[in-house]
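J.:
In the working numbering, the protein residues as written are 825 to 1013.
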């Protein structure tokens, strides 16, 4: 595993990388934008869940910005292990959870002020749906169901059960997945 340092708006984040964990580059880009646009201000005393964490960079930065608590969650065991090591090496205490969407969390007990996610977006190209946990490369972990919306839809449909009052959900999505469908789901939930 290689260690690489990233500067995210004046915060140095050191991250391990390995072939079967999604590269942090897109999450670094997303996080940089969120900091610069002010979306990650006022994290003090806020509980943050980074779902689909990959390397852990989003949740780790939230911890460095003062979040009260950070949870890092991913379906990939390798990602959870790497995110745990990355959090520790950056001095961020984090609960690391191997979870298929919200399956590893308890409604009513696990509550967050911010759920943030840079979800996998590709339709299944190489992944055998019957062997989801047997993905050989990081690129395979960017595949998410027949239409690429599995995590995005679950995030929108289920996150309210895990969000506190006056909380926020931040995610990324691609227009090719159907902007109107995403807006309809957000309006409904």
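Beta carbons: idealized from backbone N, C-alpha and C, even for Gly.
(1) Just to confirm, is the Cβ distance from residue 925 to residue 975 under 8 Å?
(2) For residue 992, report the span of its beta strand (DSSP E) as first-last.
(3) What does the alpha-carbon distance come out to for the pair residue 942 and residue 999?
(4) Pairing CB atoms from the region 857-876 with CB atoms from the region 885-895, are three or more of them under 8 Å?
(5) Decide yes or no for the touch test of the region 841-848 against the region 898-910: beta carbon pairs closer than 8 Å, at least 3 of them.
(6) Taking only three categories from DSSP, how would you classify residue 999?
(7) Would you mind working out which of 862, 1013 and 891 sits nearest residue 978, comparing C-alpha positions?
(8) Under 8 Å: do the region 927-935 and the region 985-992 share three or more Cβ pairs, one atom per stretch?
(9) Would residue 1016 pass as a contact of residue 840 if the rule is Cβ separation under 8 Å?
(10) Can you grab the Cα-Cα spacing for the pair residue 837 / residue 1010, in whole Å?
(11) So, using beta-carbon positions, are residue 844 and residue 902 closer together than 8 Å?
(12) State the Cα-Cα distance for the pair residue 993 and residue 1004, rounded to the nearest angstrom.
(13) Is residue 894 helix, strand or coil by DSSP?
(14) Alpha carbon to alpha carbon, how far is residue 853 from residue 905?
(15) Helix, strand or coil for residue 854 per DSSP?
(16) For residue 842, is the classification buried or exposed, using 16 other Cβ atoms within 10 angstroms of its Cβ as the cut-off for buried?
(17) Can you check whether the CB of residue 895 is closer than 8 Å to the CB of residue 1090?
(18) Hey, would you say residue 938 sits closer than 8 Å to residue 991, going by beta carbons?
T.: Put simply:
(1) A Cβ-Cβ contact shorter than 8 Å links residue 925 with residue 975.
(2) 987-995
(3) 14 Å
(4) When Cβ pairs closer than 8 Å are counted between the two stretches, the region 857-876 is seen to touch the region 885-895, the count reaching three or more.
(5) yes
(6) Of the three classes helix, strand and coil, the one that applies to residue 999 here is helix, per DSSP.
(7) 1013
(8) Flag = yes, the region 927-935 and the region 985-992 touch.
(9) Residue 1016 is absent from the model: the chain starts at 825 and stops at 1013.
(10) In a straight line, the C-alpha of residue 837 is about 32 Å away from that of residue 1010.
(11) yes
(12) It is roughly 18 Å from the alpha-carbon of residue 993 to the alpha-carbon of residue 1004.
(13) strand
(14) 22 Å
(15) helix
(16) exposed
(17) Residue 1090 is absent from the model: the chain starts at 825 and stops at 1013.
(18) yes
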